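Undergrad:
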Amino acid sequence: MRSVETGALTDRRGVSETMGFVLVFGIVVSTVAVVYVGGFDALTGARDAQQFANTERAFDVMDSNVEDLAVRGAPSRTTEILLSNGAIYFGESVTFNVSAGGNDYYATTIRPVVYRNDEGDELVYVDGAIFRQYGDRAVMFDEPRLASGNRTLVPYVIARAESTNVSTDNTRRLLVRTTVAERDVRRFPDTAANLTITSPRAAAWERYLEAELAVDCDGPADGRTGEVECPLPGDDVYVQAIVVNVELD
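Heads up: the sequence shown runs through residues 57 to 305, numbered per the numbering used here.
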């Protein structure tokens with residue numbers, strides 16, 4: 057009678073089952089790790105995009121509230137922003153100057169309100185305009201109240217910082233309080249007038265002004281670094297200035 061080596065067969069079968077378990081377990085762990093890493097990055101990207109979109113809508117509301125101050129005579133307005141993993145601060149000053157007839161001018165300096173997320177993308181509110189800024193590239197997506205025709209209106213919304221910057225690594229509700237401090241109107245009658253803007257976003261201002269005013273402007277493409285100058289059409293040019301205290305709380 058032939059003998060059967062049951063011990064050796066059992067050992068081989070046990071080794072095969074163990075190797076199979078290890079192999080399957082490794083595949084499962086690897087798959088979970090890949091899905092976790094990819095899914096986590098996707099969820100983080102979606103969260104950041106949603107936060108940027110939420111802040112963008114809040115900036116739209118802030119712009120409407122400031123328009124209430126400038127146009128409808130409201131004394132103050134408050135805008136709520138849900139701030140998460142980012143910062144809101146007062147940015148680099150921007151200069152606006154309407155000039156005519158050599159020595160006749162009205163210049164002002166405006167501090168933009170800036171939101172910056174962890175990736176470095178920014179939303180910038182300045183003089184009634186809102187920009188999206190990605191690195192050195194800026195795009196205006198909400199326009200100021202500038203109006204042209206027989207009479208041209210140039211608005212000055214002069215933001216004056218009344219608080220320090222705000223940043224957070226979590227989520228908090230931020231209130232942006234805007235209060236009217238001063239109002240002024242200047243008229244430049246029957247003379248050729250120019251608008252000069254000195255800004256880190258001069259190229260975006262140039263694109264907007266050429267389309268809005270239907271004129272040719274001198275800007276960064278013409279060697280004017282950080283500056284754009286445009287002729288203002290119309291027989292009369294008005295500058296409507298409002299000084300707004302801005303407090304971040």
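Yeah, the Cβ is synthetic: ideal placement off N, Cα and C, and Gly gets one too. Every value quoted in this text rests on a predicted model; they were computed, and no experiment measured them.
If you run the structure through DSSP and keep just helix, strand and coil, what is P276?
TA: Translated into the one-based positions of the sequence shown, residue 276 becomes position 220. Helix at P276.
Undergrad: Can you tell which of S219, R133 and D160 has its C-alpha closest to the C-alpha of E294?
TA: In the sequence shown, the residue the question calls residue 294 occupies position 238. It is Tyr, not Glu, that sits at residue 294 in the sequence shown. Nearest of S219, R133 and D160 to Y294, Cα basis: D160.
Undergrad: How many angstroms separate the CA atom of V299 from the CA atom of E175?
TA: Sequence index remark: in the sequence shown, residue 299 carries index 243 (1-based). Sequence index remark: in the sequence shown, residue 175 carries index 119 (1-based). Approximately 32 Å, taken between the alpha carbons.
Undergrad: Any idea what DSSP makes of T111, helix, strand or coil?
TA: The sequence position of residue 111 within the sequence shown is 55, counting from 1. T111 falls in the helix class under three-state DSSP.
Undergrad: Could you tell me the boundaries of the alpha helix (DSSP H) in which A203 lies?
TA: Counting from one through the sequence shown, the residue named residue 203 turns up at place 147. For A203, there is no enclosing alpha helix (DSSP H), as DSSP gives it neither H nor E.
Undergrad: What's the call for Y264, buried or exposed, on a 16-neighbour Cβ count within 10 Å?
TA: Indexing the sequence shown from 1 puts residue 264 at position 208. Taking a 10 Å sphere around the C-beta of Y264, we find 16 or more other C-beta atoms and assign the residue as buried.
Undergrad: For the beta strand (DSSP E) containing E238, name the first residue and the last one.
TA: Counted from its first residue, the sequence shown places residue 238 at position 182. Run containing E238: V222 to P245, per the beta strand (DSSP E) assignment.
Undergrad: Count Cβ pairs between the stretch 220-240 and the stretch 263-281 that sit closer than 8 Å; are there 3 or more?
TA: Touching, no, given that fewer than three Cβ pairs across the two stretches are closer than 8 Å.
Undergrad: Exposed or buried, which one is Q106 when buried takes at least 16 other CB atoms within 10 Å?
TA: For this step, residue 106 is matched to residue 50 along the sequence shown. It is exposed - the Cβ of Q106 has fewer than 16 other Cβ atoms within 10 Å.
Undergrad: Which ranges does the beta strand (DSSP E) cover as unbroken runs of at least 3 residues, wholly within the stretch 106-156, from first to last along the chain?
TA: If only complete runs of 3 or more residues are kept, the stretch 106-156 shows the beta strand (DSSP E) at 132-146 and 150-156, in order along the chain.
Undergrad: Suppose you measure from the CA of L231 to the CA of F146; what does that come to, to the nearest Å?
TA: Within the sequence shown, numbered from 1, the residue matching residue 231 stands at position 175. Within the sequence shown, numbered from 1, the residue matching residue 146 stands at position 90. Each residue's Cα considered, the two are about 15 Å apart.
Undergrad: State the DSSP-derived secondary structure class of E266, mapped to helix, strand or coil.
TA: Taking the sequence shown and counting its residues from 1, the one referred to as residue 266 is at position 210. Helix.
Undergrad: Does any heavy atom of the ligand MG sit closer than 8 Å to the C-beta of R188?
TA: This structure does not include the ligand MG; it has no bound ligands of any sort.
Undergrad: In angstroms with no decimal places, state the Cα-to-Cα distance between F96 and A109.
TA: Stepping through the sequence shown from its first residue, residue 96 is reached at position 40. Stepping through the sequence shown from its first residue, residue 109 is reached at position 53. With a pLDDT of 43 at F96, under the threshold of 50, the predicted position of this residue should be treated as unreliable, though the coordinate-derived value follows. Cα to Cα, the separation comes out at about 20 Å.
Undergrad: So, S140 versus T227, is the Cβ gap smaller than 9 Å?
TA: Taking the sequence shown and counting its residues from 1, the one referred to as residue 140 is at position 84. Taking the sequence shown and counting its residues from 1, the one referred to as residue 227 is at position 171. Going by C-beta atoms, S140 is nearer than 9 Å to T227.
Undergrad: Tell me, which residues are paired with V213 by DSSP?
TA: For the purposes of this step, residue 213 is identified with residue 157 of the sequence shown, where counting begins at 1. Answer is I298, bridged to V213.
Undergrad: Evaluate the contact criterion for the stretch 127-134 versus the stretch 229-244: three or more CB pairs, one atom per stretch, below 8 Å.
TA: yes
Undergrad: Label T62 either buried or exposed according to how many other C-beta atoms from any shown protein chain fall within 10 Å of its C-beta, with 16 as the threshold for buried.
TA: Along the sequence shown, read from residue 1 onward, the residue named residue 62 stands at position 6. Residue placement at T62 cannot be trusted, given a pLDDT of 49 that sits under 50; the coordinates are not used to answer.
Undergrad: To the nearest angstrom, report how far apart V91 and D272 are at their CA atoms.
TA: Here residue 91 refers to the residue found at position 35 of the sequence shown. Here residue 272 refers to the residue found at position 216 of the sequence shown. Residue confidence for V91 is low, a pLDDT of 49 falling below 50, so the modelled location carries little weight; the figure read from the coordinates is stated next. Spanning the two alpha carbons is a distance of roughly 53 Å.
Undergrad: What does DSSP give as the partner residue(s) for P168 in the beta ladder?
TA: Residue mapping note: residue 168 aligns to position 112 of the sequence shown, counting from 1. For P168, which the question treats as bridged, DSSP gives no partner whatsoever.
Undergrad: Using the Cα positions of P296 and A203, report the straight-line distance between them to the nearest angstrom.
TA: Numbered from 1 along the sequence shown, position 240 holds the residue referred to as residue 296. Numbered from 1 along the sequence shown, position 147 holds the residue referred to as residue 203. In the sequence as presented, Pro is not what sits at residue 296; that position holds Gln. The alpha-carbon atoms of Q296 and A203 are separated by roughly 11 Å.
Undergrad: Could you give the DSSP three-state label for A259: helix, strand or coil?
TA: Start at 1 with the first residue of the sequence shown, and residue 259 comes out as number 203. Here A259 sits in helix by DSSP.
Undergrad: I'd like the list of long-range same chain contacts for R239, defined as Cβ closer than 6 Å, with 5 residues on each side in sequence excluded.
TA: Numbered from 1 along the sequence shown, position 183 holds the residue referred to as residue 239. By the criterion of a C-beta distance shorter than 6 Å, R239 is surrounded in its chain by I298, once the five residues flanking it on both sides are discounted.
Undergrad: Drop a sphere of 10 angstroms on the beta-carbon of I83, count the other beta-carbons inside from all chains shown, and report buried for 16 or more, exposed for fewer.
TA: The residue you call residue 83 lines up with position 27 of the sequence shown. Exposed, since its Cβ has fewer than 16 Cβ neighbours within 10 Å.
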